[in-house]
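First the structure, in the form of structure tokens, and then the observations on it.
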Amino acid sequence: MTSQFYDRLSNDLTQLLESGVNCDVSIEVGEEVSLVNIYKVHSIILQSRSPYFKKKFDEIAFNENNIKVLKLPNISVKVFNVVIKYIYSGKVSLEKLENSIIFDLLIASNELELDELIEHLQTNFVNNNASWLRLNFAQVYRTSYQVKSFKIIRDFCDDIIAKYPNTIFESENFYTLPEDTLISILKKDDLQLEEGKIWEYVIEWGKAKNPTLPTNLDKWTSDNFLSLKKVLKECLPHIRYFSFSNEDVVEKIYPYQQLLEHRLFSDINIKLITPNKPISSIVLSPRKILNTILPARITPIPLFSNIITNEHALEISSWIDKKETPYIENNPYEFKLLVRGSRDGFDVKTIYNICDKVSKTIIILKVKGNGEILGGYNPLELENNNNRLKYTNDSFVFSLKTANMKNSILSRAFKPNSSIRNNPSDLELSFGYALRLIGNLKTEKRCYCSKSKEYSKLIRSREFISTDWSATENSSFSVEEYEVFKISPR
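Residue numbering for the sequence shown follows UniProt numbering, beginning at 1 and increasing consecutively.
Quick look at the structure:
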């Protein structure tokens with residue numbers, strides 16, 4: 001029987017790292033000079049744990065101090081802290097890391113050839129953080145196809161695309177997909193989408209790669225079609241032309257017939273007119289559309305919002321239902337616009353006047369100056385003529401993902417201690433101290449966020465958080481726009 005003492009070994013090696021004794025390598029991590037961190041480590045340990053480090057250290061000569069210096073500018077200090085602890089101790093703690101940092105850690109693990117960590121991080125994402133993968137789907141999918149070792153995440157993405165192809169085709173990042181990634185999608189036999197629709201997406205993708213093409217197809221020249229044909233050269237062979245409906249052949253292929261080889265276009269016509277006549281073109285098998293149709297993707301009902309997107313609305317709805325995985329389609333709730341600042345006025349009193357006796361409301365704020373989107377969900381009725389502290393565990397506040405913010409932040413009420421402050425006479429509507437709305441939201445700068453006994457997390461960066469439960473110069477803000485929605489089941 002073999003006894004194993006891995007915990008003691010892990011602790012001893014961790015202490016060796018922390019001691020800095022007998023280090024012969026200096027690793028400089030980070031790109032900006034002010035943020036660079038230097039790690040004193042042992043080449044023998046890193047070489048034994050990573051083929052990347054073995055190759056690098058073999059290439060690098062010792063300097064005059066008998067130290068090998070390696071620079072890793074593409075890896076952040078936060079990420080490398082996890083990497084170096086894993087290398088020495090064999091332990092990884094992800095609980096306090098944002099998902100975007102964990103994804104950066106996955107990319108770094110691939111670069112450093114840490115196979116065990118690559119597999120662990122992918123499994124963790126798929127099993128525990130699938131919602132983040134879905135919300136950042138275009139980026140994740142593109143990366144998974146660029147990195148061969150990301151097979152677990154790639155399989156996860158493939159399954160989503162096959163079942164819900166609009167997840168990628170309707171993404172705002174679709175037109176930036178690399179050609180090889182698009183081709184990998186077109187090759188899928190189980191892609192649950194009509195061929196005519198796939199053709200339309202491919203044509204639009206090609207046009208996006210050649211923005212000089214005329215907008216009006218009637219004004220296209222032969223050179224224009226030739227230009228688009230060159231862009232789509234590798235994509236066109238993967239379209240299932242003989243799976244088009246007759247109507248789609250006429251309406252969708254005919255206008256772009258110059259993209260196709262003469263023999264193929266002729267055979268498409270032959271099949272249209274005399275289906276049983278033999279042809280010489282290669283006929284790709286029809287896609288395997290499931291007999292049991294998956295829940296149809298409902299065209300999103302317009303939000304009529306000037307602030308949030310449908311993706312934001314799906315995320316908020318999942319929070320209302322306390323789902324760990326955000327909805328990616330078929331929103332179970334309708335967002336009915338009740339109040340808009342630019343239409344109805346920016347005074348807090350306006351909210352009380354219009355929303356009197358209305359429950360289950362979401363207020364959305366676009367912060368003036370930095371584009372932050374903050375908000376809160378109130379399951380209780382607002383009251384126009386009554387100052388009251390209201391108690392609920394079901395309210396929450398949040399900040400939403402934007403171009404400047406990688407992830408949304410959700411902060412739930414965890415103590416029903418006056419979770420909602422209903423104070424119309426004081427021109428105040430607040431979610432504890434986590435989000436306080438006071439006065440005229442646009443002309444006055446009195447709104448702020450603070451640490452709160454009622455809500456679990458801060459929804460703004462600490463530099464914008466009040467530390468004494470009152471507005472300060474840095475923490476106070478006004479809004480460009482705000483909206484209040486009534487949330488109702490569809």
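Ideal Cβ placement from N, Cα and C applies to all residues, glycine included.
The beta carbons of residue 145 and residue 181 sit closer together than 7 Å.
Annotation for residue 133: the continuous alpha helix (DSSP H) segment containing it runs 130–135. In the pairwise beta carbon analysis, the region 260–279 is classified as not touching the region 305–316: fewer than three pairs are separated by under 8 Å. Counting only residues of its own chain and dropping the five nearest sequence neighbours on each side, residue 389 has a CB closer than 8 Å to the CB of 418, 420, 421, 422. Residue 481 carries a strand assignment under DSSP once its states are collapsed to helix, strand and coil. A contact is defined here as three or more CB-CB pairs under 8 Å, and the region 353–367 fails this definition with respect to the region 161–169. Counting only runs of 3 or more residues that sit fully inside the region 153–224, no beta strand (DSSP E) segment turns up. Beyond the five residues adjoining it in sequence on each side, residue 18 comes within less than 7 Å, by CB distance, of no other residue in the same chain. For residue 361, the pairing in a beta bridge is given by DSSP as 378, 486.
Cβ-Cβ distances below 8 Å link residue 402 to 371, 372, 373 in the same chain, with the five nearest sequence neighbours on each side left out; the list follows chain order. Contact between residue 460 and residue 411 does not hold, since the beta-carbon distance rounds to 10 Å and is not under 8 Å.
Look at residue 437 here: in three-state DSSP terms it is strand. Here residue 187 has 238 as same chain residues with Cβ atoms under 6 Å from its own Cβ, once five neighbours each way along the sequence are excluded. The straight-line gap separating the alpha-carbon atoms of residue 265 and residue 254 is approximately 9 Å.
The shortest C-alpha to C-alpha distance from residue 477 to any of 444, 454, 490 is the one to 444. Three or more Cβ pairs closer than 8 Å define a contact, and the region 149–168 meets that threshold against the region 133–141. Proximity of the region 98–108 to the region 69–80 meets the contact definition, three or more beta-carbon pairs being nearer than 8 Å. With fewer than 16 neighbouring CB atoms inside 10 Å of its own CB, residue 20 falls in the exposed class. Taking a contact as a CB-CB distance under 8 Å, the pair residue 438 and residue 377 does not count as one, their CB atoms being some 19 Å apart. With respect to the 7 Å criterion, residue 479 and residue 368 are classified as neighbours on the basis of their beta carbons. Scanning 405, 427, 79, 406 for the CA closest to the CA of residue 382 turns up 427. Its chain contains 485, 486, 488 as the residues whose beta carbon lies nearer than 7 Å to that of residue 336, once the 5 sequence neighbours on both sides are disregarded; these appear in chain order.
Shown here, residue 27 sits in a strand according to DSSP, grouped into three states.
Boundaries of the beta strand (DSSP E) around residue 429: 428–431.
For residue 399, the enclosing beta strand (DSSP E) covers residues 396–399. Around residue 204, the same chain offers 175 as residues with beta carbons nearer than 8 Å, after the five sequence neighbours per side are excluded. Residue 335 has 487 as its beta-bridge partners, per DSSP. When DSSP states are grouped into helix, strand and coil, residue 413 belongs to the strand group.
With contacts defined by Cβ atoms closer than 7 Å, residue 52 and residue 112 form a contacting pair. The beta-carbon separation of residue 329 and residue 408, rounded to 18 Å, does not stay under the 8 Å limit for a contact. Boundaries for residue 462: no alpha helix (DSSP H) harbours it, and the DSSP string shows neither H nor E there.
In this structure, residue 449 and residue 434 form a Cβ contact; the two beta carbons are roughly 6 Å apart against a cut-off of 8 Å. Residue burial annotation: residue 49 is buried, with at least 16 other C-beta atoms found within 10 angstroms of its C-beta. Bounds of the alpha helix (DSSP H) holding residue 343 are 341–344. The straight-line gap separating the alpha-carbon atoms of residue 206 and residue 229 is approximately 8 Å.
Cβ contact annotation for residue 209 (same chain, cutoff 6 Å, sequence separation greater than five): 231, in chain order.
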